[in-house]
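Residue numbers (full-length UniProt numbering): 1 to 157. Structure first, commentary second.
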């Protein structure tokens, strides 16, 4: 059976300088990460204790970098890698969730920007009552202009 190691434990091994070599191994449709310690090889695992499969080499490399793995001990084995092979699980629910998350992030940025513009506005702030009074004054002025224009034409509204 393959020795599996979870991400937190792998980080601890890297921090303790117990990892001699890291290998990114290509398989049918995915990549796995193997860590060679002093006495055994361990495969990076998921939370469900299954070998963690990466869809791209870059994503596997990103995890190694985030763990703090020095790249001088990195080995790549692409002999068995097949981009078309394997049964890649597609997750349309995750795709939709990521789209919603992106939309939420854009909306949050928009709100933040609008708030910053509003706070930076040099005009004095009005209370609700003051705003209503100002609008009533504007409407009365516009009505007076309209009435004057209608009277000048000879019709009355």
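Glycine included, every Cβ here is placed at the ideal spot set by N, Cα and C. In this text, all values refer to a predicted model and were calculated from it rather than measured experimentally.
Contact set for residue i: own chain, Cβ-Cβ below 8 Å, skip 5 residues either direction
i          : result
residue 75 : 21, 22, 23 and 24
residue 37 : 13, 18, 19 and 20
residue 39 : none
Pair within 8 Å by beta-carbon distance, residue i and residue j
i           : j           : result
residue 41  : residue 17  : no
residue 28  : residue 104 : no
residue 35  : residue 60  : no
residue 14  : residue 68  : yes
residue 54  : residue 30  : yes
residue 134 : residue 126 : yes
The ligand FAD heavy atom lying under 7 Å from the CB of residue i
i           : result
residue 113 : The ligand FAD is absent from the structure shown, which contains no ligand whatsoever.
Bridge partners - residue i, DSSP secondary structure assignment
i          : result
residue 45 : 51
residue 31 : 26 and 54
residue 4  : 43
residue 37 : 19
Proximity to residue i [Cα-Cα], best of the options
i          : options              : result
residue 33 : 132, 143, 65 and 102 : 65
Exposed unless 16 or more other CB atoms sit within 10 angstroms - verdict on residue i
i           : result
residue 129 : exposed
residue 26  : buried
Cutoff 7 Å; reference residue i; Cβ partners in own chain excluding five residues on either side
i          : result
residue 45 : 4, 5, 6, 51 and 52
residue 48 : none
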